[in-house]
Ligand code: FES
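Residue numbers (our numbering): 10 to 529.
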């Protein structure tokens, strides 16, 4: 088809499973279309990660050399392509392997100090954004907006954002996130008929890199050893220059980081689960590319971050994908065989993080994978038709779980076991909410019984809301958490490497869980 006005050749792209169609100029890269509609490009479209896989079910896209290198012959035969390597020349319909991410939110009312006006609590995640409009009079959530972080077009994880900033894109990263969050706030105010002058404050939380990029601070210190920053404190931002539609008397605050890569999302989570008020030893764990851990009780705590890699998010896994339609999210073993459950009850497209943990746990139980992580028979673990795990995939999971459990072990050692066993583990974030706790224990991620592990939901957003509604004490409470939590840099701790090597293996299927609070 030709666009008469401009004389350009136009093609139609249909995105499945949503069925949305749009017209674009021929020659456009397919991944630009996907990104504009919530898709991701984990390596920034550089053709190195496979994260932009799509299955061309109608029309065709040329197979390039790069795609031959990254895709299996079987995948190419089935029509899989890398969107970042495809120029559109004809009408196509494509099925996305990387479905839009799930955003976890709740609207529970915590203790609040009643006051007139409204507030905004915003969780600035590396992948997703969640913004809530809160009525400060009663602590209730009036409205919610969620979105994908627009910075994801330059890479899925914080390391690729740091690389992008290092290439001179820091200002663009700051502008895009402020624009997107500003649009979300403006849409909420309009939807609920709240004049901007009634908005008293905006509280933002996020990891350290999101904090720095949002506040326009240099992320250079975070891109090399010792990965420490001196700019991670509470940032009070000029309201009208941050969000042009706000009045000068609206307080815009990005809450302070706890140290290293442990950001204000974990500070808020600590407040949400009342970790510092706990009588028994309590752990808060956020599982992701960057695993973050807080351990404490009775007013003091330790925290650390550990580079787990992207396996828990289904990235860099040969058939991996985010949790979305077509993803295998649960795997069980029935009569000696693996049985997969797929989101949307459709044909499986790939496997997400919770499915990966389940599949490997089941394979260990069935003796298909040894406790050292070796695939016993053949080179592939068949999870479902067309979805397999390779030896390298299993290694990725071992690296991720070893990083987290070694981090926990170091904090326990620093804490000292004479204080007793860990009473409660809170799992923060979406992955912590969906992971099968028995499978996580089976692979040795948490060395304790399931009865002490609780999913805490989006504790970052809930904690931001709690501090937002704390009246005059709001900033003092945030600073009190910072003063009470000591950051332990794991990279500099020799014990971490020892634990890391130990934790690479999977426990024997019939092994009893090791008691937390006792050296691992
Ligand atoms: S391979 Fe296409 S975005 Fe990474």
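Positions of the beta carbon are idealized from the N, C-alpha and C atoms, including for glycine.
Rounded C-alpha distance that separates residue 63 from residue 92: As a first step, residue 63 must be located in the chain shown, where it is residue number 54. As a first step, residue 92 must be located in the chain shown, where it is residue number 83. So the alpha carbons of these two residues sit roughly 6 Å apart.
Close beta carbons around residue 25, own chain, < 8 Å, minus the five adjacent residues each side: By one-based count along the chain shown, residue 25 stands at place 16. Excluding five sequence positions before and after residue 25, the CB atoms of its chain that fall closer than 8 Å to its own CB belong to 66, 102, 103, 104, 105, given in chain order.
Where the alpha helix (DSSP H) containing residue 215 begins and where it ends: Taking the chain shown and counting its residues from 1, one reaches residue 215 at position 206. The continuous stretches of alpha helix (DSSP H) do not include residue 215, which lies in the beta strand (DSSP E) extending over residues 208-215.
Cβ contact check for the segment 312-321 and the segment 415-425: 3 or more pairs under 8 Å: Segments in contact, yes.
Residue 324 Cβ short of 7 Å to the ligand FES heavy atom set: In the chain shown, residue 324 corresponds to position 315, counting from 1. Distance from the C-beta of residue 324 to the nearest heavy atom of the ligand FES is not below 7 Å.
Pick from 348, 332, 277, 289 that is closest to residue 431, judged by C-alpha positions: Taking the first residue of the chain shown as position 1, residue 431 is located at position 422. The residue with the shortest Cα to Cα distance from residue 431 is 289.
Alpha-carbon to alpha-carbon, residue 17 and residue 216: Here the question's residue 216 lines up with position 207 in the chain shown. Here the question's residue 17 lines up with position 8 in the chain shown. Distance between residue 216 and residue 17, taken at the CA atoms: about 44 Å.
Range of the contiguous beta strand (DSSP E) that encloses residue 128: Mapped onto the chain shown, residue 128 falls at position 119. Start and end: 127-133.
Exposed unless 16 or more other CB atoms sit within 10 angstroms - verdict on residue 233: Within the chain shown, numbered from 1, the residue matching residue 233 stands at position 224. Its Cβ having fewer than 16 others within 10 Å, residue 233 is exposed.
Reduced DSSP category for residue 264 - H, G, I as helix; E, B as strand; rest coil: What you label residue 264 is simply residue 255 of the chain shown in a count that begins at 1. Collapsing the DSSP output to three states places residue 264 in coil.
When 338, 344, 346 are compared against residue 353, the one with the closest alpha-carbon: Residue 353 sits at position 344 when you count from the first residue of the chain shown. Closest by alpha carbon: 338.
Local Cβ density within 10 Å of residue 530, reported as buried at 16 or more and exposed below that: Since the first residue shown for the chain is 10 and the last is 529, residue 530 is missing from the structure and cannot be characterised.
Pick from 329, 306, 347 that is closest to residue 425, judged by C-alpha positions: Taking the chain shown and counting its residues from 1, the one referred to as residue 425 is at position 416. With distances taken between Cα atoms, residue 425 lies closest to 306.
Every unbroken alpha helix (DSSP H) within the segment 39-110, with a cutoff of 4 residues, ordered by chain: As far as the segment 39-110 is concerned, its whole alpha helix (DSSP H) runs of at least 4 residues are 39-45, 74-79, 82-87.
Residue closest to residue 360, alpha-carbon to alpha-carbon, out of 322, 162, 203: Along the chain shown, one-based indexing puts residue 360 at 351. Nearest C-alpha to residue 360: 322.
Ordered list of beta strand (DSSP E) runs contained in the segment 418-467, each at least 3 residues: The qualifying runs are 431-437, 462-466.
Near the ligand FES: residue 163 beta-carbon under 7 Å from a heavy atom: Taking the first residue of the chain shown as position 1, residue 163 is located at position 154. The nearest non-hydrogen atom of the ligand FES is 7 Å or more from the C-beta of residue 163.
Heavy atom of the ligand FES within 7 Å of residue 57 beta-carbon: Numbered from its first residue, the chain shown carries residue 57 at position 48. Yes; taking the cut-off as 7 Å, the Cβ of residue 57 has a heavy atom of the ligand FES nearer than that.
beta-carbon residue 60 near the ligand FES non-hydrogen atom, thresh 7 Å: Position 51 of the chain shown holds residue 60. Distance from the C-beta of residue 60 to the nearest heavy atom of the ligand FES is below 7 Å.
Closest by C-alpha distance to residue 141, when choosing among 147, 100, 135, 155: Taking the chain shown and counting its residues from 1, one reaches residue 141 at position 132. Of 147, 100, 135, 155, the residue nearest in Cα terms is 155.
Start-to-end residues for the alpha helix (DSSP H) that takes in residue 274: Against the chain shown, residue 274 aligns to sequence position 265. Note, residue 274: alpha helix (DSSP H), 273-281.
Nearest-angstrom beta carbon gap, residue 95 and residue 59 [assumed within contact, 8 Å]: Walking along the chain shown from the start, residue 59 turns up at place 50. Walking along the chain shown from the start, residue 95 turns up at place 86. With 8 Å as the limit, residue 59 and residue 95 do not qualify as a contact, their Cβ atoms being about 13 Å apart.
Given residue 263 as reference, the closest of 221, 478, 287 once Cα atoms are compared: Here the question's residue 263 lines up with position 254 in the chain shown. Closest by alpha carbon: 221.
Beta strand (DSSP E) segment containing residue 346, residue limits: Taking the chain shown and counting its residues from 1, the one referred to as residue 346 is at position 337. Where residue 346 is concerned, the enclosing beta strand (DSSP E) stretches over 346-351.
Three-state secondary structure (DSSP) of residue 483: The sequence position of residue 483 within the chain shown is 474, counting from 1. In the three-state reduction of the DSSP assignment, residue 483 falls in the helix class, which pools H, G and I.
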